[in-house]
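Using my numbering, you'd call the opening residue of the sequence shown number 4 and step up by one each time.
The beta-carbon is built from N, C-alpha and C at its ideal position, and this holds for glycine as well.
Here the structure is a predicted model, which is why all the values come from computation and not from measurement.
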Amino acid sequence: MFSGLVYCADCGSKLHFATCKSFNGSQDHYRCAKYKSNTGSCTAHFIREEVLKQIVWSRIFDVTALFFDDIMAFHEMMYQQRSAETEKEMKRRKREVGQARKRIAELDRIFKRIYEDDISGTISHDRFLKLSAEYEAEQRELEEKVKADQQEVDTYEQNKSDFDSFAAIIRKYVGIKELTPAIVNEFIKKIIVHAPEKVDGKRVQKVDIIFNFVGEINFLSATQPKRQGA
């Protein structure tokens, strides 16, 4: 079900799936690849597949429920809801990137022209050196600004695209009754399993779910504890 998706929180290795002979297969489990009956370099991080299914199903259910209950709240919790000011800022940056690129191209033409003037003797070589230094400094500054602004714009656009992609997955699987490998792989990028602990005499285990496109949705901790008995 979760092949290739489950990782150890401590050493980063994958958790390998192991089957156990039992009447209903309920002891099938995952354990750290670097655990070798207490002789390896990591602890087992043992978690039963049935428990992991329950955790993953519960997280997907919570995400889906919030999405359809209040899509704007869902969007806000993942991205802190882009404000109108942010939209305006990104439009301004796009415009400035375009203007800067035009100026960079213009400076290339100017530099070529003053170089030709230097060769022909229209301007002195000292004048050429002074002008070329000024234009090159301006061009470097513009190129740095374009790089920084374009990165901000690209990140913003990618976030919008990622949200739309994740929303499409949620809509695709509305009303699902059970997990399948296909559903798991569309929703989940990675599952990180922590070592179990004893709390009030009970075994509890933290599991982080990393979703495709949007990463870990931390707001789920407000509605569901991330520690599950195993």
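Contacting residues, own chain, Cβ-Cβ under 6 Å from residue i (five flanking each side not counted)
{"i": "Y159", "result": "M93"}
{"i": "C14", "result": "K37, C45"}
{"i": "E144", "result": "none"}
{"i": "V100", "result": "V149, D152, Q153"}
{"i": "I126", "result": "D120"}
{"i": "G124", "result": "none"}
Residue i versus the options, residue with shortest Cα-Cα distance
{"i": "A170", "options": "F49, S16, T67, S6", "result": "T67"}
{"i": "P199", "options": "V54, A151, A21, Y118", "result": "V54"}
{"i": "L110", "options": "R98, D129, D120, E141", "result": "E141"}
{"i": "Q102", "options": "Y118, Q153, I58, E219", "result": "Q153"}
{"i": "I212", "options": "S16, F49, K56, T183", "result": "K56"}
{"i": "F49", "options": "Q161, L18, V59", "result": "L18"}
{"i": "T89", "options": "N162, P184, D167", "result": "N162"}
{"i": "V59", "options": "K201, V187, V207", "result": "V187"}
{"i": "F64", "options": "D203, G218, V202, L182", "result": "L182"}
{"i": "E189", "options": "S168, K201, R95", "result": "S168"}
{"i": "E52", "options": "D73, R95, P184", "result": "P184"}
Residue i and residue j closer than 7 Å at C-beta
{"i": "I173", "j": "F70", "result": "yes"}
{"i": "H197", "j": "K209", "result": "yes"}
{"i": "A47", "j": "H32", "result": "no"}
{"i": "K156", "j": "K97", "result": "Note on identity: in this sequence residue 156 is Val, with Lys being the wrong assignment. Closer than 7 Å, so yes."}
{"i": "C35", "j": "C23", "result": "no"}
{"i": "I191", "j": "L8", "result": "yes"}
{"i": "F214", "j": "D165", "result": "no"}
{"i": "A12", "j": "I220", "result": "no"}
{"i": "K37", "j": "S61", "result": "no"}
{"i": "I117", "j": "L134", "result": "yes"}
Cβ-Cβ separation, residue j to residue i (assumed contact under 8 Å), whole Å
{"i": "I107", "j": "E146", "result": "6 Å"}
Contacting residues, own chain, Cβ-Cβ under 7 Å from residue i (five flanking each side not counted)
{"i": "E137", "result": "none"}
{"i": "T148", "result": "Sequence check: residue 148 is Lys here, not Thr. Same-chain partners within the cutoff: A103."}
{"i": "H128", "result": "D121"}
{"i": "Y176", "result": "I186"}
Other residues of its chain near residue i: CB distance less than 8 Å, five sequence neighbours each side excluded
{"i": "Q84", "result": "Low local confidence applies: a pLDDT of 43 at Q84 is under 50, so the model's placement there is unreliable, and no value is given."}
{"i": "Y10", "result": "S16, K17, L18, K193, I194, I195, V196"}
**Asked** Which residue spans inside the segment 167-224 form an unbroken alpha helix (DSSP H) run of at least 4?
**Response** The segment 167-224 contains these whole alpha helix (DSSP H) runs: 184-190.
**Asked** Which ranges would you report for the alpha helix (DSSP H) in the segment 32-113 if only whole runs of at least 4 residues count?
**Response** Within the segment 32-113, the complete alpha helix (DSSP H) runs of at least 4 residues fall at 52-72, 74-82.
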